[in-house]
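K.L.:
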Amino acid sequence: MEVLNIDKSDFNFALSEFDPLIVEDEIGFKTISNQPAECYSNFFVEHLVKNQPCIIKACAQDWTSSQHWTISGKPNYTLLKDKFGSAQVSVSDCKVKYYNAHQTKSMIFSDFMNYWEKYSSDCWPANEACLYLKDWHLMKNFPTESVYVVPYQFSSDWLNEYYMDHPHLDDDYRFVYMGPKGTWTPLHADVFTSFSWSANICGKKKWLLFPPGEERVLKDECGNLAFDVRLGDVSASDISPNRSFTVVQEPGEVIFVPSGWHHQVWNEDDTISINHNWINACNIHQVWTSLKANLEAVKKEVSDCQDMDDWFEHCQLMLKSTFGMNYEEFYRFLFYIGTKRIEHLNQNELLSSFQTWKFGREHMLYDLVKIKEVLLLFIDCDELVELPFYSELNNPPEFFINDINNTVNGFLSSEYDFDGNCL
Ligand SMILES: O=C(O)CCC(=O)C(=O)O
Ligand SMILES: [Fe+2]
1 MEVLNIDKSD FNFALSEFDP LIVEDEIGFK TISNQPAECY SNFFVEHLVK NQPCIIKACA
61 QDWTSSQHWT ISGKPNYTLL KDKFGSAQVS VSDCKVKYYN AHQTKSMIFS DFMNYWEKYS
121 SDCWPANEAC LYLKDWHLMK NFPTESVYVV PYQFSSDWLN EYYMDHPHLD DDYRFVYMGP
181 KGTWTPLHAD VFTSFSWSAN ICGKKKWLLF PPGEERVLKD ECGNLAFDVR LGDVSASDIS
241 PNRSFTVVQE PGEVIFVPSG WHHQVWNEDD TISINHNWIN ACNIHQVWTS LKANLEAVKK
301 EVSDCQDMDD WFEHCQLMLK STFGMNYEEF YRFLFYIGTK RIEHLNQNEL LSSFQTWKFG
361 REHMLYDLVK IKEVLLLFID CDELVELPFY SELNNPPEFF INDINNTVNG FLSSEYDFDG
421 NCL
């Protein structure tokens with residue numbers, strides 16, 4: 001297993017007060033080559049810390065899925081049906097809008113493949129449904145299948161680490177998407193303000209991306225996020241050409257979508273892709289900011305019942321249903337990820353990721369420093385004391401912050417030219 005680490009100079013830079021959301025000059029889209037894993041630190045700073053998108057060329061073409069799930073650049077319908085035929089999958093009809101999404105239904109995978117094969121051989125007829133299989137947890141449901149290797153660039157993935165280490169939760173953020181030419185995904189930013197990466201196994205995707213903040217001009221007349229930027233939902237003159245990026249992703253290429261970047265996606269050909277949503281030290285601050293902002297929105301919505309008993313708990317329930325995570329889950333997640341790093345550091349062990357990569361000492365320390373920064377903001381929230389889970393915690397955040405301090409201060413010495421006091 002190859003060791004990935006952050007270089008000393010990058011470590012210092014990444015720990016500085018750098019704020020990706022205010023560095024306007026940096027905003028851009030790059031297509032880059034797939035450098036060897038020794039270049040991890042460079043990718044980490046240029047794309048993850050700076051929250052800048054890119055396409056990585058020639059990244060996925062050797063995967064088992066790229067080699068075996070396709071024939072001459074088209075889906076291998078027979079092989080895929082043989083492997084996964086009886087699975088139940090969720091499919092969206094890209095021609096039917098339902099509230100602010102596409103209408104979805106459940107299907108048996110082999111029925112979906114039979115539909116797809118015929119729809120494509122009939123040249124995607126305009127009068128038929130255009131079905132898109134989305135968010136399929138194939139890797140969780142078929143854990144023994146060899147499908148792909150997580151690229152080193154995306155190996156620091158706390159979200160999937162957490163779910164893969166807790167199988168009883170029966171969830172993850174590793175997905176397969178499959179759909180004919182013409183299928184598409186409406187405008188959105190990703191769940192929890194996470195990062196995403198997406199690899200094309202076959203086919204082509206067109207992406208339209210907007211940096212954080214640009215959603216201001218992407219609202220319809222009711223103030224809701226536009227469903228489709230192409231329809232008169234958004235006034236074309238409001239979209240600034242240097243704050244929107246249209247890129248085409250070819251087979252074998254992987255796109256990195258940073259935190260809080262809105263995007264709309266079209267399959268320009270019959271396409272299969274694999275993607276992860278992920279959170280790590282570089283975007284945990286954005287995740288916290290969105291969690292808090294979503295709670296504020298919930299509180300505003302139900303402010304008329306503020307006097308009821310358990311109002312704060314009720315708001316947390318609503319937060320869970322709108323954002324997908326509440327304060328308790330956020331804390332338990334950070335506690336798990338942080339504790340695992342403290343243990344590995346104390347035992348002088350590297351930390352493995354996706355059974356493929358291993359993280360070095362500076363990486364684990366960086367993770368801990370960022371967890372601590374967010375926990376300091378977390379404990380500053382007045383309402384924590386109103387939430388029963390907080391007083392029932394065996395490991396409250398104040399103690400955990402102390403543990404992090406002890407570990408980090410024990411490892412970081414004068415080798416690092418930043419102020420130990422701020423840790
Ligand atoms: O490929 C698609 O249709 C959508 C993918 C997406 O939104 C993502 O990877 O974040
Ligand atoms: Fe997305």
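1 is the number of the first residue of the sequence shown in full-length UniProt numbering; add one for each residue after it. For glycine and all other residues, C-beta sits at the position ideal for the given N, C-alpha and C.
1. Could you give the first and the last residue of the continuous beta strand (DSSP E) run that contains ALA126?
2. Do you know offhand how far residue 426's Cα is from LEU375's?
3. Let me confirm a value: THR144 is counted as buried when at least 16 other C-beta atoms fall within 10 Å, else exposed. Which label applies?
4. Near MET113, what residues of its chain come up, given a Cβ to Cβ distance below 7 angstroms and the 5 sequence neighbours on each side ignored?
5. Just to check my reading of the structure: ASN326 and LEU319 have Cβ atoms closer than 8 angstroms, yes? What is that Cβ distance to the nearest angstrom?
6. Using CA atoms only, rank isn't needed, just tell me which of ILE27, THR185, PRO36 is closest to LYS97.
7. Just the C-alpha distance for SER353 and ASN160, rounded to the nearest angstrom, thanks.
8. Please tell me whether, using a cut-off of 8 angstroms, the distance from the CB of THR185 to the nearest non-hydrogen atom of ligand 1 is below it.
9. Would you check if the distance between the CB atom of ASP135 and the CB atom of GLU128 is smaller than 9 angstroms?
10. Can you name the start and end residues of the alpha helix (DSSP H) that ALA297 belongs to?
11. Sorry if obvious, but does the Cβ on TRP69 come closer than 8 angstroms to a heavy atom of ligand 1?
12. SER72: which of ASP367, PRO251, ASP310 sits nearest, CA to CA?
13. Using 10 angstroms around the beta-carbon of CYS305, count the other beta-carbons present and answer buried if the total reaches 16, otherwise exposed.
14. Counting Cβ pairs closer than 8 angstroms, one from the segment 4-11 and one from the segment 39-52, do we hit at least three?
15. Would you call CYS222 buried or exposed, if buried means 16 or more other Cβ atoms sit within 10 Å of its Cβ?
16. According to the neighbour-count rule (16 or more other Cβ atoms, all chains shown, within 10 Å of its Cβ), is HIS168 buried or exposed?
17. According to DSSP, is ARG230 part of a helix, a strand, or is it coil?
18. Sort out for me which residues DSSP pairs TRP207 with in a bridge.
19. Return the Cβ separation of TRP69 and VAL149 in integer angstroms, given the expectation that the two are a contact with Cβ distance under 8 angstroms.
20. Quick check: the segment 191-207 against the segment 383-391, are there 3 or more CB pairs under 8 angstroms?
21. Going by CA-CA distance only, name the one from GLY213, VAL265, TYR177, VAL254 that's closest to ARG243.
22. Residue ranges of each beta strand (DSSP E) run of no fewer than 3 residues wholly in the segment 302-350, ordered along the chain?
23. So who's on the other strand from GLY360, going by DSSP bridges?
24. Let me check understanding here. Comparing Cα to Cα, which of ARG216, SER391, ILE379 lies closest to residue 434?
25. Whose C-alpha, out of ILE371, PHE411, SER303, LYS300, is nearest the C-alpha of ASN348?
26. Of the residues SER120, LEU133, ASP310, TRP207, which one's Cα is nearest the Cα of PHE175?
27. So, is LEU317 buried or exposed, given that buried needs 16 or more other C-beta atoms within 10 angstroms?
28. Does the beta-carbon of SER303 have 16 or more other beta-carbons within 10 angstroms, so that it is buried, or is it exposed?
P.N.:
Taking the geometry as given:
1. Here the question's residue 126 lines up with position 126 in the sequence shown. No beta strand (DSSP E) contains ALA126, which DSSP labels as neither H nor E.
2. With the chain running from 1 to 423 in the structure shown, residue 426 is simply not present.
3. Locating residue 144 in the sequence shown gives position 144, counting from the first residue. The residue in question, THR144, is exposed, as its Cβ has fewer than 16 Cβ neighbours within 10 Å.
4. Here residue 113 is taken as the residue at index 113 of the sequence shown, counted from 1. Result list for MET113: TYR77, LEU80, LYS81, in chain order.
5. One-based indexing of the sequence shown puts residue 326 at position 326. One-based indexing of the sequence shown puts residue 319 at position 319. Correct: roughly 5 angstroms between the Cβ atoms.
6. Translated into positions along the sequence shown, residue 97 becomes position 97. In terms of Cα proximity to LYS97, the closest of ILE27, THR185, PRO36 is THR185.
7. Residue numbering aside, residue 353 sits at position 353 when the sequence shown is read from its first letter. Residue numbering aside, residue 160 sits at position 160 when the sequence shown is read from its first letter. Distance between the alpha carbons of SER353 and ASN160 is about 10 angstroms.
8. Here the question's residue 185 lines up with position 185 in the sequence shown. Checking the 8 angstroms criterion, the Cβ of THR185 is within range of a heavy atom belonging to ligand 1.
9. Start at 1 with the first residue of the sequence shown, and residue 135 comes out as number 135. Start at 1 with the first residue of the sequence shown, and residue 128 comes out as number 128. Annotated as distal: ASP135 and GLU128, with beta-carbon spacing of 9 angstroms or more.
10. Start at 1 with the first residue of the sequence shown, and residue 297 comes out as number 297. That run of the alpha helix (DSSP H) goes 284-301.
11. Locating residue 69 in the sequence shown gives position 69, where the first residue counts as 1. TRP69 Cβ: outside cutoff for every heavy atom of ligand 1.
12. Your numbering for residue 72 matches position 72 in the sequence shown. Of ASP367, PRO251, ASP310, the residue nearest in Cα terms is PRO251.
13. If you number the sequence shown from 1, residue 305 lands on position 305. Here CYS305 is exposed, its C-beta having fewer than 16 other C-beta atoms within 10 Å.
14. Contact holds: three or more Cβ-Cβ distances are below 8 angstroms.
15. In the sequence shown, residue 222 corresponds to position 222, counting from 1. By the 10 Å Cβ count, CYS222 comes out exposed.
16. The residue labelled residue 168 in the question sits at position 168 within the sequence shown. HIS168 comes out exposed.
17. The count along the sequence shown starts at 1 and reaches residue 230 at position 230. Looking at ARG230 - three-state DSSP - the assignment turns out to be coil, as it is neither helix nor strand.
18. Locating residue 207 in the sequence shown gives position 207, where the first residue counts as 1. Beta-bridge analysis with DSSP links TRP207 to VAL247, VAL265.
19. Counting from one through the sequence shown, the residue named residue 69 turns up at place 69. Counting from one through the sequence shown, the residue named residue 149 turns up at place 149. Taking a contact as a CB-CB distance under 8 angstroms, the pair TRP69 and VAL149 does not count as one, their CB atoms being some 15 angstroms apart.
20. Result no; under three Cβ-Cβ pairs closer than 8 angstroms.
21. For the purposes of this step, residue 243 is taken as the residue at position 243 of the sequence shown. Check the Cα spacing between ARG243 and each of GLY213, VAL265, TYR177, VAL254: the tightest is with GLY213.
22. Listed in chain order, nothing qualifies, since the segment 302-350 has no complete beta strand (DSSP E) run of 3 or more residues.
23. The count along the sequence shown starts at 1 and reaches residue 360 at position 360. Beta-bridge pairing links GLY360 to no other residue.
24. With the chain covering 1 to 423 only, the question about residue 434 has no answer from this structure.
25. Position 348 of the sequence shown, counted from the first residue, corresponds to residue 348. With respect to the C-alpha of ASN348, the residue from ILE371, PHE411, SER303, LYS300 having the closest C-alpha is PHE411.
26. Along the sequence shown, one-based indexing puts residue 175 at 175. Cα-wise, what sits closest to PHE175 is LEU133.
27. Position 317 of the sequence shown, counted from the first residue, corresponds to residue 317. LEU317 should be labelled exposed.
28. Here residue 303 refers to the residue found at position 303 when the sequence shown is read from its first residue. Counting Cβ neighbours within 10 Å, SER303 comes out exposed, since fewer than 16 surround it.
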